[in-house]
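Taking this note's numbering, the leading residue of the sequence shown gets 1, the next gets one more, and so forth. One structure below.
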Amino acid sequence: MSVDSAGMAARLGIKPGMVVQELGWSEDADEDLRDSIIEASGSEMVDEDTDEVADVVILWWREDDGDLFDALTDALTSLADEGVVWLLVPKSGRPGHVEPGDVTEVAPTAGLSQTSSISAAKDWSGIRLVTPKAVRSRR
């Protein structure tokens, strides 16, 4: 793991004991980021077939992956009430880049609010999405 990757999971708010669900993994996913998440949470990420309630959903998403609304609503299926969805999209200029406007347009329809964006990994941007209920409870 690189020196920077230790901070990757921290930027996503991953803490020991959290259940992290991973959706949309493909060969282009950032392995350093994945390793950082596993190390920080203390366990392997669960997939879409889990019965566990996820504290965080990591959703890898590319322009040609299909319907973003469907993917976001699927991400909510196992998400805890106070949980967070991190939508990871290729950075501008990378294959599969998703326009920020697409996320801004679709997220509210799926019942999510965008709270922040970060550089999650070398080729990936992270968009933090929460349910409006989670936003209210943090105030």
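Each residue gets a CB set at the ideal place from its N, CA and C atoms; glycine is no exception. All values derive from a computational prediction rather than experimental measurement.
Counting only residues of its own chain and dropping the five nearest sequence neighbours on each side, T50 has a CB closer than 7 Å to the CB of Q21, S78. Secondary structure note for I37: its alpha helix (DSSP H) is the uninterrupted segment 31-41. Taking L88 as the centre and dropping the five residues before and after it, the same chain places the C-beta of W60, A120, W124, G126 closer than 6 Å to its C-beta, in chain order. Counting C-beta atoms within 10 angstroms of its own C-beta, D28 has fewer than 16 neighbours from the protein chains shown and is therefore classed as exposed. Taking 7 Å as the cut-off, the beta carbon of V130 is found closer than this to the beta carbon of T115. Pairing M8 with I118, the inter-Cα distance amounts to about 10 Å. A direct Cα-to-Cα measurement between P95 and D65 gives close to 12 Å.
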